[in-house]
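Below you'll find the structure, written out as C-alpha cells, and then a few comments.
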Amino acid sequence: MSKRASFASKAVASPYIVWAALFIIAPLLFVVYYSFTNASGDFTLVYIQTLPKYLPTFLRSIWFGIVATVICLIIAFPLAYIISQKSDKAQRTFVLLVMLPMWMSFLIRTYSWIALLQDTGIINSFLGKIGIHPVHMINTGGAVILGMVYNFLPYMILPIYSVMAKLDFSMVEACQDLGGNTFNVIKRCIIPMSLPGVVSGITMVFVPSVSTFYISQKLGGGSFDLIGDVIERQFQQSYNYNLGASLSLVLMVLIVISMAIMNHFSEGEGEMVI
Amino acid sequence: MKVFNRIYTFLVFLFLYAPIFVLLLFSFNASSSTSVFSGFSLQWYKMIMSDATSITALRNTLILAVCSSILATVIGTAASVGIERFRKGAFRTGLMATTNIPMTNPEIVTGVSMMLLFVFIGRILKTDSVLGFGTMLIAHVTFNLPYVILTVLPKLRQTDKNLAEAAQDLGCKPLSAFFKVVLPSIMPGVITGLIMSFTLSLDDFIISYFTSGPGFQTLPIVIFSMTKKRVKPDMYALSAIIFMSILILLIFYNIAQQKSEEKTERKR
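Chains R and V supply the protein sequences, listed in that same order. When the first sequence is numbered by my numbering, its final residue is 274 and no position is left out of the sequence of numbers. When the second sequence is numbered by my numbering, its final residue is 1268 and no position is left out of the sequence of numbers.
Below, the structure is given as C-alpha cells:
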C-alpha cells in the first residue's frame, strides 16, 4: 500500500481522537478543576476537607454495593449454568428473556416494585390471604438492595453465561472421570473456567450499584442516602457544583481502586466480556 | 435435579418479570391506583395517546436515538479502521484506555463531568441555556462510541488486510475499496454497534438527566419527573406500549437472524 493511502486510513481516526479529547478527557479534567476551586474559580481545599462528613454515606454505598453484588453472583451463577446446558435454540430464547426487562425504563420498573412491597401492597395482601402477618418491606435497606439486585442481575447473568456457553464440557467430563464428586467438579473445574465472566459480572454490577441514586430514593424512602443521591442533590437542587465535583472525584477513585483489586484477583484476565 | 433446575429458573424469571406483570396489569386499571385493581379499562391508553408532553418526549427520544446512533456508528467505524492501522504502542494503548473510560466510569460521574464542561462553556458564552438537544447529542454519541468501536474492531481484525490492497491493485480508489470490500465484511459488527447504540440511547436516563435542559426532554426524563409525584397508570400504559413495541421488534430481529444463519449454514 502506498504511503499516502496508509496515512489516509490512519487519519480517519482523527475525528474520534478529537472527540475523545474534548468529551471524554476534558470533562474529567473539569471534575478535578471544580473539586479544587470555589464558585468564583479560586483555588480552595474547602470541598475536599468537608468530604469526611460523607464517610458514612460512602461506607453505606460500598456495603450495599457489595451485598447486592454477592447476591447477584449467588443467583446468577447457577442460572447461567442451567441456561448454558440447554439446546442452542432454548439458549437464545433464555438470553433474550434475560435481556428483555433491560429495554424497559428502569425508573418505571423500580417504581412498580413499590406496588409490590408496600405495607398494603401485592405481596403483603397475598401473605394476608394465606394467613401470614404483613411484613414491613418498603423504605428499608433491604428494599434498596433488592432494587439493586433486580436492576443489575442481568449484567451478572449475561457475562457468566457467555463464558459458560463456550466452555469445553469435555473438561468437566474429564474432571468427573478422574473421580471428582459434584462439589469438587464445580469448585475445581467449572468455577475457575468461568472466572473471566464472573469478574466482568462483578464489575458490571458493583459499579452501577455503588453509584445509583434513583433506587435508594424510591425504595429507601429517603432514609438510606447513597453517595449518588448526595451527588445528584448538589447538581440538581443545591447547585453546589464544586462539592458535587469533589464527591464525584472520590467516587471515581473508589471505582478505579476496586477495579484494580478485581483485576489483581483475576490475574490480568479481566477482559470485558459483553 | 431437573425439577430443581426448572423451579430455580422459574423463580429467577418470576423475580425479573414480577414488576413488569404488575405494570402491565395496572395499566388496564379502571381507577387511578397503582396497587388496587378495580376493573378493566383502556382509559389510560387513550389518555397517554392524547397527552402532548409524552408524545413530544417520545418524538424527542426517537430523534436523539437515531441521530446519536448514526453519528456514533460513523465516527466509531472510521475510528476503528484508523486504530487497526496504528502501530502497537503507547498512543494506541492510551487511546484504547480512553475508549474504555465511558464504559467503566459510573454513569453519574460521566453525566456530571459532561455537565461541568457544558456549564463552563455556557459561562464563557454567557448563556444560561447551553443545555439542550446539542449537549444531549454530544453526551449520547460519547457513551455510544466505545460500544461501536468494541464491536467493529474485532470484525476488522478478522478480515483479510490484503483484501483492500487487492481491490486497489485492481484499480479501485482507496475510498471505494473501503466501501466495496472492507465495509461489507465488517457489516455485522457495524450493525450490532448501531443497534446497541440505538437501544442504549433510547433507554438512557442518568447521563441525559445531567445534560438535558428544559427545552428538550426525552421520555426517561419525563418519566423521572412524573415519578417524583404519585404515578398514575398512564405512565404504566406508556411503558407497556414501549415494551410491546420493543418485544415485537426483537422477535422480528431474531427470526431474521435465524433465517440468515440457516442460509449461511446451507451455503457451507
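We put the beta carbon where it would ideally sit given N, CA and C, even for glycine. Predicted model, so just to flag it, every value in this text is computed and none were measured.
Measure the CB-CB distance between Ala1237/V and Tyr1008/V and report whether it falls below 8 Å. Not in contact: Ala1237/V and Tyr1008/V (Cβ atoms no closer than 8 Å).
Check each candidate in Ser1239/V, Val1109/V and Leu1250/V and name the one with the smallest Cα separation from Ile1048/V. Ile1048/V has its Cα closest to that of Ser1239/V, out of Ser1239/V, Val1109/V and Leu1250/V.
Measuring only the C-alpha atoms, how far is Pro1102/V from Ala1030/V? Cα-Cα distance, rounded: 44 Å.
Proximal residues, the stretch 1105-1121 of chain V versus chain R, C-beta separation under 8 Å: So the close ones are Asn1105, Pro1106, Glu1107, Ile1108, Val1109, Thr1110, Val1112, Ser1113, Met1114, Met1115, Leu1116, Leu1117, Val1119 and Phe1120.
Anticipated Cβ contact below 8 Å, Ile255/R with Gly201/R, distance rounded: Their Cβ separation, rounded to whole angstroms, is 16 Å, which puts Ile255/R and Gly201/R out of contact at 8 Å.
If you count every other CB in all the chains shown that lies within 10 Å of the CB of Asn1060/V, and 16 or more means buried, which is it? It is buried - the Cβ of Asn1060/V has at least 16 other Cβ atoms within 10 Å.
Alpha carbon of Ala1052/V to alpha carbon of Arg1230/V, nearest angstrom: Here the alpha carbon of Ala1052/V sits roughly 19 Å from the alpha carbon of Arg1230/V.
Between the alpha carbons of Gly65/R and Phe1004/V, how many angstroms are there, rounded? About 29 Å.
Any residues in the stretch 84-113 of chain R with a beta carbon nearer than 9 Å to a beta carbon of chain V? Which ones, in chain order? Per Cβ criterion, the list reads Gln85, Lys89, Arg92, Thr93, Phe94, Leu96, Leu97, Val98, Met99, Leu100, Pro101, Met102, Trp103, Met104, Ser105, Phe106, Leu107, Ile108, Arg109, Thr110, Tyr111, Ser112 and Trp113.
Would you mind sorting Gly121/R into buried or exposed? The rule is 16 or more other CB atoms within 10 Å of its CB. When all chains shown are included, Gly121/R counts as buried.
Taking a cut of 8 Å between CB atoms, which residues from the stretch 116-139 of chain R lie near chain V? The residues in question are Leu116, Gln118, Thr120, Gly121 and Ile122.
What does DSSP give as the partner residues of Asn1029/V in its beta bridges? DSSP lists Phe1040/V as partners of Asn1029/V.
Whose CA, out of Leu1250/V, Leu1116/V, Ala1177/V and Ser1032/V, lies closest to the CA of Ile1195/V? It is Leu1250/V.
Near-chain R residues of the stretch 1048-1071 of chain V (beta-carbon distance less than 7 Å), N- to C-terminal order: From the stretch 1048-1071 of chain V, no residue has a Cβ closer than 7 Å to chain R.
Under 7 Å by beta carbon: chain R residues contacting Asn1270/V: One cannot answer for residue 1270/V here, as it falls past the ends of chain V, which runs 1001 to 1268.
How would you call Gly279/R, buried or exposed, if buried means at least 16 neighbouring beta carbons within 10 angstroms? An answer regarding residue 279/R cannot be provided, because it is not within the stretch 1 to 274 covered by chain R.
Can you give me the start and stop residues for the alpha helix (DSSP H) that His1140/V sits inside? Residue range Phe1133 to Gln1158 is occupied by the alpha helix (DSSP H) that includes His1140/V.
Beta-carbon neighbours of Asn1005/V, restricted to chain R and to distances below 7 Å: Listed along chain R, the residues sitting closer than 7 Å to Asn1005/V by beta-carbon distance are Ile82.
Quick check: the Cα distance between Arg1092/V and Glu1084/V, rounded to an integer number of angstroms? Computed Cα separation, rounded: 9 Å.
Between Phe94/R, Phe77/R and Ser258/R, which lies nearest to Ile62/R when the distance is taken from Cα to Cα? The alpha carbon of Ile62/R has as its nearest neighbour, out of Phe94/R, Phe77/R and Ser258/R, the alpha carbon of Ser258/R.
Limits of the unbroken alpha helix (DSSP H) element including Phe1118/V: Following the DSSP letters along the chain, one finds Phe1118/V inside the alpha helix (DSSP H) bounded by residues Glu1107 to Leu1125.
For Phe43/R, which of helix, strand or coil comes out of DSSP? Three-state result, Phe43/R: strand.
Close-in-space but distant-in-sequence residues of the same chain around Phe213/R (CB under 8 Å, 5 per side omitted): Cβ-Cβ distances below 8 Å link Phe213/R to Leu226, Gly228, Asp229, Ile231 and Glu232 in the same chain, with the five nearest sequence neighbours on each side left out; the list follows chain order.
Under 9 Å, CB to CB, which of the residues in the stretch 147-181 of chain R have a partner in chain V? Answer in chain order: Val149, Tyr150, Leu153, Pro154 and Ile157.
7 Å Cβ cut-off: residues of chain V touching Gly222/R: Ordered by position in chain V, no residue passes the 7 Å Cβ test against Gly222/R, which lies about 12 Å from the chain.
Length of the line joining the Cα atoms of Val135/R and Arg60/R: Spanning the two alpha carbons is a distance of roughly 24 Å.
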